[in-house]
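Note that the sequence shown covers residues 3 to 165 in our numbering.
C-beta: ideal position from N, C-alpha, C; glycine also.
Model, not experiment: these values are computed from the prediction.
I have placed the structure first, in the form of structure tokens, so that the comments after it can refer back to it.
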Amino acid sequence: MGKFTRVCVFCGSKSGNKKIFSDAALDLGRQLVSILILALFLSTFDQNLEGFFYEEGNYQVERKMDLVYGGGSVGLMGLVSQTVYDGGSHVLGIIPTALVPIEISGETVGEVLIVSDMHERKAEMARRADAFIALPGGYGTFEELLEMITWSQLGIHNKPVSY
Numbered sequence: 003m004g005k006f007t008r009v010c011v012f013c014g015s016k017s018g019n020k021k022i023f024s025d026a027a028l029d030l031g032r033q034l035v036s037i038l039i040l041a042l043f044l045s046t047f048d049q050n051l052e053g054f055f056y057e058e059g060n061y062q063v064e065r066k067m068d069l070v071y072g073g074g075s076v077g078l079m080g081l082v083s084q085t086v087y088d089g090g091s092h093v094l095g096i097i098p099t100a101l102v103p104i105e106i107s108g109e110t111v112g113e114v115l116i117v118s119d120m121h122e123r124k125a126e127m128a129r130r131a132d133a134f135i136a137l138p139g140g141y142g143t144f145e146e147l148l149e150m151i152t153w154s155q156l157g158i159h160n161k162p163v164s165y
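Take a look at the structure:
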């Protein structure tokens, strides 16, 4: 597996009751678009990803990673997408029609692809991303994460999954 440029982030449409959740979304967004030590951030969650980011004897490399996410403008989704967009990277939100009135409040950033249902959303996210990261969220976030893990176990994809 080589380098990747598009990361799919699964996260909640609410910010949660703890400031640490919002801080994590903002921090991840900043790290995706700047000079960063992303390996150390991710290896906190998944030791297997550490070597994936190690490059030429140095963890610190320039990453201008693009974001694939759930398409909402609220909660953690809104925070991470705005941060990545403000950092100059491409943002692609993928949202099912039924969630548009619930998860889009005001303007979205980047490109928004409206799909028919959750199955199409997950398939499109998987097709367009090189890796997957999950931030705090509810049952929907958990289900999206588990599906990517399952697809990996079944050999449907061989992309890294971190949580």
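Sequence-distant Cβ neighbours of Glu109 in its own chain, meaning closer than 6 angstroms and more than five residues away, do not exist here. Under DSSP, the beta-bridge partners assigned to Phe12 are Ala136. By the Cβ criterion, the region 146-157 is not in contact with the region 21-30, since fewer than three pairs of Cβ atoms, one from each stretch, lie closer than 8 angstroms. At a Cβ-Cβ threshold of 8 angstroms, Leu81 and Ser118 do not count as neighbours. For Asp25, the enclosing alpha helix (DSSP H) stretches over residues Lys21 to Val35. Apart from the 5 residues on each side of it in sequence, Tyr87 sits with its Cβ closer than 7 angstroms to the Cβ of Val93, Val111 and Gly112 in its chain, given in chain order.
Ala125 is not a Cβ neighbour of Lys161, given a cutoff of 8 angstroms. The beta strand (DSSP E) runs lying completely inside the region 73-142 and spanning 3 residues or more are 93-98, 113-117 and 133-136, given in chain order. By the neighbour-count criterion, in which a residue is buried when 16 or more other Cβ atoms sit within 10 angstroms of its Cβ, Leu156 is exposed.
The shortest CA-to-CA distance from Pro103 to any of Gly73, Ala128 and Arg129 is the one to Gly73. C-alpha of Tyr141 to C-alpha of Gly90: approximately 31 angstroms in a straight line.
With 16 or more other Cβ atoms from the protein chains shown falling within 10 Å of its own Cβ, Ser83 counts as buried.
Rounded to the nearest whole angstrom, the CA to CA distance from Gly95 to Asn19 is 24 angstroms.
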